[in-house]
Ligand SMILES: [Zn+2]
């Protein structure tokens, strides 16, 4: 190193590895030496250990929870390592819950929770570091998990979370006469595969009655499953868990200022149409982190804080970019650049309904929800040639309808991307409508040829309108050759 430096200096200045060179390098070393630092309490520290810890704390603060890191609350968007680690660990817990045959699950079960599930396992003081980490991460899963009811035998009414869309996803009706550990299966009539409506109405508060009776039951009586409420597919993802942890933190630490307006403010800054370095400049400006004369004077770097341009006022952040007369003209220029005309967004390509191949039929399906009357409509149309739960149900009814009509080769077309993708990829087992998807899969084996495709709503207008029309009709309506007057133009538009 020394030799290289001397060579460098020799090339430039004709110097060699001499005594003079060593003196100069040492002198430089001394000049760059940090003699002391101001700590967070504003006190000057000179001993080496304290200086080291001040530097260490400074950088740790940047990366950990004490600083807001999410961009919308004034951070720079750094991942908070601790929360991210919890989210990664939660993924392991999710795997343990869903792979009960794995060696890892069997070992932990035998050791720590032989009589219950991992969700009810108690923390053990003799547990390994790995087990303790899993117990911590289990709380992450608990915060956002919800049971998907199959038979209801594994889910307890009072203790477990099983109400999709309910407050906290658990039951808040008081249920005074109910003993603990009563299962949800006691609310289901297993012969009819339907909710015992009167029992539910007697026991629960009206809004919970609505949620419970809205839970779809499958005739196959599948097992109860745990699903993750933060993703539409119901599958756990590390990023959704991380976002959940950050949002919990933000809502828990919300100070006196209005968090929504703060979010709006920061989002508008991060969306400015300027290069990244300008956005970071604005971030530093808002955090008073620019080397303005006031800041430099406070650190004893310049003798006076007054503005070098107008000499009238101290140069703080606001003065430097806004109030000072010279800065004002630059600011005007910047604002003008911001008001340039926006290029109008390109209209989405128009899609048109297409008839199926000659040897099979096409069935379009859609669902509509009438929130006021808590009823829903399902539209199915068979032609030759999110409410995801309901979309899935509409698809199931479409398949049942097709089988009743004796159709064997068919394309099902729907405008719910979530349902169609889940059917195509064999995923969605964890969605709240996972059981319905499985029903559709079971039914679809009865067809000779079956395909599921996704179309935009404009290509699905007939089924869409049929579903909306269900508000007028009660029960199922079937038209075989003629069509209702208001549907006819849509059918014609599809064909031409
Ligand atoms: Zn000035």
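Numbering (full-length UniProt numbering), first residue to last: 1 to 496.
For every residue, glycine included, the Cβ atom is placed at its ideal position computed from N, Cα and C.
These numbers come from a predicted model, not from an experiment.
Asked, Found
"Residue 236 burial status per 10 Å Cβ neighbour count (16 or more: buried)", "buried"
"Outcome for residue 478 when other beta-carbon atoms lying within 10 angstroms are tallied against a minimum of 16", "exposed"
"Residues bridged to residue 145 [DSSP beta-bridge criterion]", "228"
"Test item: CB-CB of residue 240 and residue 225 under 8 Å", "no"
"Closer than 8 Å to chain B by CB, residue 318", "Looking at the structure shown, chain B is missing, and only one protein chain is on hand."
"Residue 223 - DSSP class collapsed to helix/strand/coil", "coil"
"Whether residue 152 touches residue 183 by CB criterion (8 Å)", "yes"
"Closer than 5 Å to ligand 1: residues, by C-beta to nearest heavy atom, in chain order", "307, 309, 310 and 324"
"Straight-line Cα distance separating residue 175 from residue 247", "32 Å"
"Continuous beta strand (DSSP E) stretch holding residue 365: start and end", "361 to 370"
"Beta-carbon proximity check, residue 463 vs residue 357, cutoff 8 Å", "no"
"Rounded C-alpha distance that separates residue 466 from residue 351", "20 Å"
"Inter-residue Cα distance where the pair is residue 56 and residue 264", "33 Å"
"As assigned by DSSP and simplified to three states, the class of residue 162", "coil"
"Residue 161 burial status per 10 Å Cβ neighbour count (16 or more: buried)", "buried"
"Check whether residue 419 and residue 392 have beta carbons under 8 Å apart", "yes"
"Local conformation of residue 501 per DSSP, three classes", "The requested residue 501 does not occur in the structure, where the chain is confined to residues 1 to 496."
"Unbroken stretches of the beta strand (DSSP E), 3 residues or longer, contained in the segment 412 to 473", "449 to 454"
"Local conformation of residue 379 per DSSP, three classes", "strand"
"Option nearest residue 171 by Cα separation, candidates 400, 272, 210 and 394", "210"
"Rounded distance between the beta-carbons of residue 434 and residue 148, thought under 8 Å", "6 Å"
"Cβ pair residue 204, residue 193 closer than 8 Å", "no"
"Rounded separation between residue 130 and residue 227 - CA only", "24 Å"
"Backbone secondary structure at residue 194 - three-state DSSP", "strand"
"Buried/exposed call for residue 378, threshold 16 Cβ in 10 Å", "buried"
"Other residues of its chain near residue 432: CB distance less than 7 Å, five sequence neighbours each side excluded", "148, 164, 227, 234 and 389"
"In DSSP terms, what residue 44 is bridged to", "38"
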